[in-house]
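In what follows, a structure is listed as structure tokens, so that the remarks can point back to it.
Residue numbers (my numbering): 13 to 537.
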């Protein structure tokens with residue numbers, strides 16, 4: 013990708029971001045709204061290139077925000093990525109390296125994947141020793157609010173245990189138990205009327221909080237369960253996108269084989285499209301609340317996803333092309349995410365291509381409100397200089413995922429330095445090397461053609477993991493190569509045709525998932 017020159021167009025009035033915390037009174041400090049979507053792919057928005065899904069509210073937000081076109085998650089699955097947003101450190105440091113609940117050690121064999129390695133132990137809750145982002149903001153006089161998915165531990169490690177004053181719907185589960193339409197199965201969320209949509213409910217809770225009386229500046233985090241599976245929508249939205257897909261021309265096939273599982277290559281899923289649109293409508297509710305109260309003039313808004321879109325293994329929901337892979341994968345489709353920051357008084361004019369990470373939100377937000385990092389372990393850096401049009405030094409970004417993803421990804425660790433990205437695979441200790449400037453879609457592995465660069469980055473990566481005492485997978489003494497090949501053959505010969513058939517069925521005029529469309533048609537008298 014060629015570099016995009018960034019020009020700061022204009023600065024309206026005096027910027028609060030220039031002051032220090034001691035110079036800012038509570039009334040002067042900006043509010044913060046952080047919107048985190050689950051499983052949203054980089055290309056799942058109109059503003060980032062989708063021509064099938066519709067996201068007008070998020071597109072409008074993006075156009076008034078700093079858009080980091082090389083925005084990365086800190087991990088390719090949810091719990092470690094969310095822990096990194098909360099702490100500003102990478103998974104090999106906070107030790108939540110897989111989604112909480114994933115099997116480890118010999119329990120992995122029960123999944124029937126027949127792999128060479130057994131995944132290691134990982135932490136199952138967010139360590140209370142870390143000073144989280146909400147805790148750091150509370151030290152600066154902020155009130156804090158949380159709505160939605162948490163998935164960072166069980167009782168004792170909920171949002172209210174890590175700095176949030178109010179928690180609406182955050183608990184240990186990583187998916188919307190009971191689905192996207194009430195009645196919900198969530199002890200942290202009061203029951204809604206039958207048929208109520210979960211994304212809209214969470215947005216309404218957030219909007220109600222925004223419209224309340226505030227003696228302090230607030231940090232409100234809306235962490236959608238959407239667009240995580242189970243993918244569900246209403247009959248009306250399915251019908252809308254079914255017609256759109258047919259008008260666009262339905263491709264004869266939409267899947268190909270990745271290394272372990274089929275992967276989706278076409279964005280034409282009408283149910284997923286409806287789920288995305290409802291999430292976008294929910295974002296609109298929050299944006300309207302800010303405008304109605306006038307708080308939009310003094311509120312920082314962050315919008316991102318916890319990792320790449322689900323193209324394989326869960327619900328095969330979307331395609332991340334031209335980026336390779338998706339959620340759970342080691343390639344850009346699993347790591348690149350929408351990454352928008354809107355700051356009152358700062359008017360962005362162009363896109364920013366400085367590589368930004370999920371660990372950078374913590375220090376950037378603190379910098380924007382005139383505060384300093386509260387935890388010396390924070391690895392992320394403030395992005396404010398590049399948002400002001402200044403150049404920033406190149407740095408190394410690291411990812412560590414010593415597990416097999418549900419979606420087909422391999423146990424591997426990654427380093428990105430400048431244009432180079434190296435992936436180290438733990439099954440064979442071999443590496444792939446990509447030049448992301450010339451090959452952002454990771455088609456050509458240059459490891460054998462660039463041996464010096466490969467060795468340099470591999471050594472730097474391994475030294476880092478040794479320094480952080482990163483958890484590592486182990487060889488499975490019961491591994492059987494023939495059994496693994498049988499699993500791979502079934503994925504290609506059985507699972508792939510099944511997916512193609514399911515996809516085509518979804519375009520039939522009389523298709524319906526169940527009589528009441530997952531409960532969306534059930535309402536109380």
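Glycine included, every Cβ here is placed at the ideal spot set by N, Cα and C.
Shortest alpha-carbon distance to residue i belongs to which of the options?
i: residue 460; options: 362, 445, 468; result: 445
i: residue 143; options: 375, 518, 418; result: 375
i: residue 261; options: 529, 528, 519, 524; result: 519
i: residue 417; options: 60, 81, 131; result: 131
i: residue 288; options: 240, 275, 257; result: 240
i: residue 452; options: 193, 78, 335; result: 335
i: residue 278; options: 238, 290, 298, 321; result: 321
i: residue 344; options: 53, 121, 137, 149; result: 53
i: residue 501; options: 120, 126, 65; result: 126
i: residue 95; options: 78, 82, 70, 145; result: 145
i: residue 182; options: 201, 284, 192, 66; result: 201
i: residue 266; options: 508, 210, 529; result: 508
i: residue 43; options: 155, 516, 523, 316; result: 155
Residue i: buried (16+ other C-beta within 10 angstroms of its C-beta) or exposed?
i: residue 412; result: buried
i: residue 141; result: exposed
i: residue 255; result: exposed
i: residue 372; result: buried
i: residue 123; result: exposed
i: residue 36; result: With a pLDDT of 48 at residue 36, under the threshold of 50, the predicted position of this residue should be treated as unreliable, and no value is reported.
i: residue 521; result: exposed
i: residue 34; result: Note that residue 34 has pLDDT 39, beneath the 50 cutoff, so the model's placement of it is unreliable and the number below is only indicative. Classification for residue 34: exposed.
i: residue 216; result: buried
i: residue 470; result: buried
i: residue 325; result: buried
i: residue 79; result: buried
i: residue 169; result: buried
i: residue 517; result: exposed
i: residue 456; result: exposed
i: residue 506; result: exposed
Specify, as a first and last residue, the run of the alpha helix (DSSP H) that residue i falls within.
i: residue 346; result: 344-347
i: residue 215; result: 210-222
i: residue 374; result: 373-380
i: residue 466; result: 463-479
i: residue 152; result: Careful: residue 152 lies outside any alpha helix (DSSP H) and carries neither H nor E.
i: residue 125; result: Note, residue 125: premise wrong, no alpha helix (DSSP H); not H, not E.
Between which two residues does the beta strand (DSSP E) harbouring residue i extend?
i: residue 499; result: Counting along the chain, residue 499 falls outside any beta strand (DSSP E), though it belongs to the alpha helix (DSSP H) covering 493-502.
i: residue 398; result: Residue 398 -> not in any beta strand (DSSP E); alpha helix (DSSP H) instead, spanning 396-399.
i: residue 358; result: 358-360
i: residue 409; result: 408-413
i: residue 445; result: 443-447
i: residue 515; result: Segment 508-517 is the alpha helix (DSSP H) holding residue 515; no beta strand (DSSP E) there.
message: I want to know whether the stretch 311-319 touches the stretch 382-393 - three or more CB-CB distances under 8 Å.
response: The answer is no - the stretch 382-393 does not touch the stretch 311-319, with fewer than three Cβ pairs under 8 Å.
Minimum length 3: unbroken beta strand (DSSP E) runs contained in the stretch 231-269: 267-269
- prompt: Between the stretch 372-391 and the stretch 326-343, are three or more C-beta pairs nearer than 8 Å?
  reply: no
query: Are three or more beta carbon pairs between the stretch 405-413 and the stretch 163-176 nearer than 8 Å?
result: no
task: Quick one: which unbroken alpha helix (DSSP H) runs of 4-plus residues sit fully inside the stretch 276-350? Chain order, please.
output: 282-305, 344-347
field: alpha helix (DSSP H) runs contained entirely in the stretch 57-109, provided each spans 4 or more residues
entry: 68-75, 90-99, 103-106
task: Please confirm if the stretch 414-422 is in contact with the stretch 265-272, defined as three or more CB-CB distances below 8 Å between the two stretches.
output: yes
query: Per the contact definition of three or more C-beta pairs closer than 8 Å, is the stretch 322-335 in contact with the stretch 87-97?
result: no
message: Between the stretch 217-237 and the stretch 474-493, can you find at least three pairs of beta-carbon atoms closer than 8 Å?
response: no
field: Any 3 or more C-beta pairs closer than 8 Å across the stretch 55-68 and the stretch 241-251
entry: no
field: 3-residue-minimum beta strand (DSSP E) runs that sit fully inside the stretch 146-205, ordered along the chain
entry: 155-160, 178-180
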